[in-house]
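Student: Those letters in the sequence shown? Residues 27 to 194, by my numbering.
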Amino acid sequence: ISIELSAIQRQFATDIFQLAPSPKLALNPSWVMLNPAQRMQAKVDIFHSLDLSHIFSQVQYRITSDADWDNLVFRRYFPAKGASTAKALQQFPSASYYRQWKALRDRLDENHAEIIQNHLKQWFDQLSWVPHPESDRMWSTKKGGKGWIMLPPGEPRHCPRIAVNPRF
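(1) Candidates Leu51, Leu53, Trp57 and Asp132: which alpha carbon is nearest Gln44's?
(2) Between which two residues does the beta strand (DSSP E) containing Ile188 stretch?
(3) Counting only runs of 3+ residues fully inside the stretch 81-137, write out the beta strand (DSSP E) ranges in chain order.
(4) Using the beta-carbon count (16 or more within 10 Å), is Phe194 buried or exposed?
(5) When the Cα of Gln84 is compared with those of Val190, Cys185 and Asn191, which residue comes out closest?
(6) Here's the rule I'm using: 16 or more other beta-carbon atoms within 10 Å means buried, otherwise exposed. How should Gln117 be labelled?
(7) Quick test of your reading: Tyr103 and Ile175, contact by CB under 8 Å. State the CB separation rounded to the nearest angstrom.
(8) Enumerate, from N- to C-terminal direction, the unbroken beta strand (DSSP E) stretches of 3 or more residues contained entirely within the stretch 141-167.
(9) Buried or exposed for Asp77, please, with buried defined as at least 16 other CB atoms from any protein chain shown within 10 angstroms of its CB.
(10) Would a C-beta distance cut-off of 7 Å place Ala112 and Asp41 closer than the cut-off?
(11) With a Cβ-Cβ cutoff of 7 Å, do Asp96 and Pro192 count as a contact?
What follows is the structure in structure tokens.
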């Protein structure tokens with residue numbers, strides 16, 4: 027199981043950045059400044075820094091509450107055994123880490139699945155940020171709203187939303 031967990035953790039960052047959204051108009055610059063090779067080679071360390079200037083040309087962030095980080099953000103990335111997900115779930119099913127997690131989780135009984143999920147939670151809690159997931163997708167690009175802060179500062183616009191871990 028530890029080999030499978032390591033594989034899930036190693037795959038996490040590259041999967042997320044390979045699934046990153048682009049502006050609808052091709053004329054607009056990409057929101058994510060990593061080139062394809064950098065996306066393929068992304069390591070989890072990228073989520074340990076709050077200096078986002080080398081990652082995003084535009085981004086909006088929200089510092090989540092502890093409850094939202096635990097119950098909304100983490101549980102969408104690593105749903106519990108038996109948890110329901112949106113029927114038209116986007117991006118997550120394309121992520122290798124997610125498919126590996128689901129396969130591992132589904133092989134285990136409920137108690138062991140919860141133990142492994144708790145182990146992943148301790149790892150996830152070391153991340154400073156991740157894309158703020160919606161109920162049906164990993165990356166949201168909705169415009170502004172209460173509590174969302176634009177980087178660089180400016181008028182709210184459509185661009186990726188990220189959840190900032192309240193522990194940092």
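Backbone N, C-alpha and C fix where the C-beta goes; we use that ideal spot for every residue, glycine too. Computed from a predicted structure; not experimentally measured.
Tutor: This is what the structure holds:
(1) Translated into the one-based positions of the sequence shown, residue 44 becomes position 18. Of the listed residues, the one whose Cα sits closest to Gln44 is Trp57.
(2) Here residue 188 corresponds to residue number 162 of the sequence shown, with the count starting at 1. First-last of the beta strand (DSSP E) with Ile188: Arg187 to Val190.
(3) Entirely contained in the stretch 81-137, the beta strand (DSSP E) runs reaching 3 residues are, in chain order, 85-89.
(4) For this step, residue 194 is matched to residue 168 along the sequence shown. Exposed is the call here.
(5) Working through the sequence shown from its first residue, we reach residue 84 at position 58. Ranking Val190, Cys185 and Asn191 by CA distance to the CA of Gln84 puts Cys185 first.
(6) Along the sequence shown, one-based indexing puts residue 117 at 91. With 16 or more Cβ atoms within 10 Å of its Cβ, Gln117 is classed as buried.
(7) Translated into positions along the sequence shown, residue 103 becomes position 77. Translated into positions along the sequence shown, residue 175 becomes position 149. Not quite, the Cβ-Cβ distance comes to about 22 Å (not below 8 Å), so this is no contact.
(8) Here the runs fully enclosed are 155-157.
(9) Within the sequence shown, residue 77 is the residue found at index 51, counting from 1. Exposed, since its Cβ has fewer than 16 Cβ neighbours within 10 Å.
(10) Along the sequence shown, one-based indexing puts residue 112 at 86. Along the sequence shown, one-based indexing puts residue 41 at 15. Taking 7 Å as the Cβ cut-off, Ala112 and Asp41 do not qualify as a contacting pair.
(11) Your numbering for residue 96 matches position 70 in the sequence shown. Your numbering for residue 192 matches position 166 in the sequence shown. No, the Cβ-Cβ distance between Asp96 and Pro192 is not below 7 Å.
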